[in-house]
Amino acid sequence: MSIFTRMSLLALACAVLAAPTVQAAVTAEEAAKLKTTLTPLGAERAGNQDGSIPAWDGGYPADASQTSAAVPNLFAKDKPILTITAQNAEQYKDKLTEGTLGLLKRFPTFNVQVFQTRRTAAAPQWVYDNTFANATRATMDPSGELGPFPKGAYGGVPFPIPKNGEEAIWNHLLRWTSPGYQTEPSLARVTPEGKVIPVSQNVAKSSFPYYDPNGNLEKWQAAGSNIVVRRVDTSGPPIRAGEILLQRVNINDIESKTWVYLTGQRRVRRLPLTCCDVPSPVAGGILNFDEVEVYSSSIGRYDWKLVGKKEMYVPYNTNSYHQATSLDQVMSAQTVNPDFVRFEKHRVWVVEGTLKQGQRHVIPRLRVYLDEDTWIAVAGERWDAQGQLWKVTYNLPTVFPAAPGTIVAGYMSYDLIGGGYFASAYFPRERQVDLKASLPDRIFTPESLAGEGIR
């Protein structure tokens, strides 16, 4: 809901009467299911009827020793139990997203390699405790200028038992990752002609004040309610080396801030709000800002519908993707190399977004698939104004025993109309990820950019 000023008393009264009310949290009785029939993050503990989805048994065991270096090569001995191609896709279409079906129909070399389902999702006990508290204390505040946002949530999934699409999407936006980490990803795009173009190598540092293990709701709110602060130092290609991007993302997105240091200008600039359908400058028009990690922006432009839950084949436990040693291994001319992307059958929440009347966006309709165990948006689709399937997006849920957790470590986006795709990967392997308990806030300030952004 927009913030109106200079209203007459009558208009103000009408606005108050018409304003959406704060949505209530679940009852204590409902929340108790998080300790019985539901997992601590809100998934069904039980497996499915035919046993192809097992019961959740606590997730992949934590291992604090694996804090740094390469992504662990877990499940290397697993073999596909099913390979889906364009020839047999019709047989499995009820378990495939519309986007995956679109890729199978368009690209003859694309296939889906399905492995046994492993429910690896896990989190520290304090995240489970906070999630349980959030279930009865978190509500949706409708007053956000860029869309509603959670109020009363901290340190866990805000709405583990969601009642609507807005709550489900916020579970993805506030999913468990870690208190902080450093990665060295490579980003690349592939042209419609099949040419692989490396667009960025960088050092990315992220700290999550929302997930500070030593914090609490009151301290976090007093400190400004930032969800994540991140800094990206670009090391290549040479034309972009030395650039620095800094973001402080707030729970109320209108309060979020972004700065950039450009070597050619040798100064720090505050950027306008990077939101929604603004194209990412490194993706060659394939990816908009709100398509990073399937969905990562304000939710206010869409009406969200919680369609329900389905069993589907989606990318999962994709540690094998990060065992490649070069972009050429994983990025083929038409799609990411299917040999490096593990699919599994999981239960997902299906959420659809329809552009609100009076709002503007190049994407009038979208759909996301939220993994029930992690709340990661594992896949998504977007349609153009003519109703044609336009973009297909995936996240790569990857197991990090040190977190512990199954978290996003890479994403990809396909343009089915214009052609080409964009993907991220972690190379070189010896410096892929460093999971840290926390990173000092001083490195996430514009003053730090001015002091360090010298080529």
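Note that the sequence shown covers residues -24 to -1, 1 to 431 in mature numbering (1 follows the signal peptide of the UniProt record, and there is no 0).
By construction, the Cβ of each residue, glycine as well, lies at the ideal position given by its N, Cα and C atoms.
This one's a predicted model, so the numbers in the text were calculated from it and none came from an experiment.
In angstroms with no decimal places, state the Cα-to-Cα distance between residue i and residue j.
{"i": "Leu72", "j": "Asp315", "result": "18 Å"}
{"i": "residue 433", "j": "Val409", "result": "Nothing in the structure corresponds to residue 433, since the chain is present only between -24 and 431."}
{"i": "Val88", "j": "Ala309", "result": "17 Å"}
{"i": "Pro291", "j": "Leu122", "result": "31 Å"}
{"i": "Thr330", "j": "Lys321", "result": "27 Å"}
{"i": "Thr421", "j": "Phe319", "result": "39 Å"}
{"i": "Gln197", "j": "Ser232", "result": "14 Å"}
{"i": "Ser154", "j": "Ala1", "result": "25 Å"}
{"i": "Arg242", "j": "Ser424", "result": "13 Å"}
{"i": "Ala180", "j": "Pro161", "result": "8 Å"}
{"i": "Val344", "j": "Lys286", "result": "12 Å"}
{"i": "Gly388", "j": "Thr369", "result": "First, the residue type needs correcting, since residue 388 is Met and not Gly in the sequence shown. Met388 and Thr369: Cα-Cα distance of roughly 6 Å."}
{"i": "Leu358", "j": "Val327", "result": "In the sequence as presented, Leu is not what sits at residue 358; that position holds Arg. Taking the straight line joining both Cα atoms gives about 12 Å."}
{"i": "Ser41", "j": "His337", "result": "45 Å"}
{"i": "Ala99", "j": "Trp366", "result": "35 Å"}
{"i": "Ile145", "j": "Thr374", "result": "20 Å"}
{"i": "Pro56", "j": "Lys171", "result": "29 Å"}
{"i": "Gly156", "j": "Arg113", "result": "25 Å"}
{"i": "Met(-18)", "j": "Pro185", "result": "Here the model assigns Met(-18) a pLDDT of 34, short of 50, so the residue's position is not dependable and the matter cannot be decided."}
{"i": "Asn24", "j": "Asp417", "result": "44 Å"}
{"i": "Leu77", "j": "Leu193", "result": "43 Å"}
{"i": "Pro213", "j": "Phe125", "result": "37 Å"}
{"i": "Leu10", "j": "Val103", "result": "13 Å"}
{"i": "Gly34", "j": "Thr93", "result": "14 Å"}
Hey, quick one: how far does the beta strand (DSSP E) through residue i stretch, first residue to last?
{"i": "Asn371", "result": "365 to 376"}
{"i": "Glu287", "result": "278 to 291"}
{"i": "residue 434", "result": "Here the chain covers residues -24 to 431 and nothing more, so residue 434 does not appear."}
{"i": "Ala353", "result": "353 to 359"}
{"i": "Glu328", "result": "318 to 331"}
{"i": "Ala40", "result": "Premise fails: Ala40 is in no beta strand (DSSP E) and is neither H nor E."}
{"i": "Tyr390", "result": "381 to 391"}
{"i": "Leu411", "result": "409 to 411"}
{"i": "Thr234", "result": "233 to 238"}
{"i": "Ala309", "result": "Run containing Ala309: none; DSSP gives neither H nor E here."}
{"i": "Tyr157", "result": "156 to 159"}
Along the alpha helix (DSSP H) that carries residue i, what are the first and last residues, could you check?
{"i": "Gln197", "result": "193 to 198"}
{"i": "Leu80", "result": "74 to 82"}
{"i": "Gly141", "result": "141 to 149"}
{"i": "Asn226", "result": "Here Asn226 belongs to no alpha helix (DSSP H); instead the beta strand (DSSP E) covers 220 to 226."}
{"i": "Glu64", "result": "Going by the sequence as given, residue 64 is Asn instead of Glu. It is not in any alpha helix (DSSP H) - Asn64 carries neither H nor E in the DSSP assignment."}
{"i": "Tyr104", "result": "101 to 113"}
{"i": "Leu303", "result": "303 to 306"}
{"i": "Ala4", "result": "4 to 7"}
In terms of alpha-carbon separation, which member of the options lies closest to residue i?
{"i": "Arg82", "options": "Gly396, Glu423, Phe376, Ala401", "result": "Gly396"}
{"i": "Thr350", "options": "Ala114, Lys55, Phe135, Ala65", "result": "Phe135"}
{"i": "Tyr119", "options": "Pro416, Asp229, Gln158, Thr210", "result": "Reading off the sequence, residue 119 comes out as Ser, not Tyr. Comparing Cα positions, the closest option is Asp229."}
{"i": "Trp152", "options": "Thr107, Arg165, Leu14, Val166", "result": "Thr107"}
{"i": "Ser296", "options": "Gly18, Asn110, Val312, Gly27", "result": "Val312"}
{"i": "Thr382", "options": "Arg21, Ala38, Ala4, Arg206", "result": "Ala38"}
{"i": "Val270", "options": "His148, Ser201, Pro340", "result": "His148"}
{"i": "Leu372", "options": "Ala379, Gln305, Ala97, Gly386", "result": "Gly386"}
{"i": "Thr3", "options": "Asn110, Thr96, Gly34", "result": "Asn110"}
{"i": "Lys281", "options": "Ser201, Tyr187, Lys332, Val225", "result": "Lys332"}
{"i": "Ala355", "options": "Pro189, Glu74, Leu14", "result": "Glu74"}
{"i": "Ala361", "options": "Ala259, Ala379, Pro340", "result": "Pro340"}
Taking all protein chains shown into account, decide if residue i is buried (16 or more other Cβ within 10 angstroms of its Cβ) or exposed.
{"i": "Leu80", "result": "buried"}
{"i": "Leu222", "result": "buried"}
{"i": "Trp32", "result": "buried"}
{"i": "Leu247", "result": "exposed"}
{"i": "Thr159", "result": "buried"}
{"i": "Pro168", "result": "exposed"}
{"i": "Glu143", "result": "buried"}
{"i": "Asp209", "result": "buried"}
{"i": "Val283", "result": "exposed"}
{"i": "Ser274", "result": "buried"}
{"i": "Ser400", "result": "buried"}
{"i": "Ala22", "result": "exposed"}
{"i": "Thr294", "result": "buried"}
{"i": "Asn64", "result": "exposed"}
{"i": "Leu411", "result": "buried"}
{"i": "Arg245", "result": "exposed"}
{"i": "Pro48", "result": "buried"}
{"i": "Ile227", "result": "buried"}
{"i": "Val205", "result": "buried"}
{"i": "Asp304", "result": "exposed"}
{"i": "Asp105", "result": "exposed"}
{"i": "Ser302", "result": "exposed"}
{"i": "Leu415", "result": "buried"}
Would you mind giving the Cβ-Cβ distance between residue i and residue j, rounded to the nearest angstrom? I have them listed as a contact below 8 Å.
{"i": "Ala353", "j": "Leu346", "result": "6 Å"}
{"i": "Glu6", "j": "Ile137", "result": "6 Å"}
{"i": "Pro255", "j": "Asn264", "result": "6 Å"}
CB of residue i to nearest heavy atom of the ligand ZN: below 7 Å?
{"i": "Lys171", "result": "The ligand ZN is absent from the structure shown, which contains no ligand whatsoever."}
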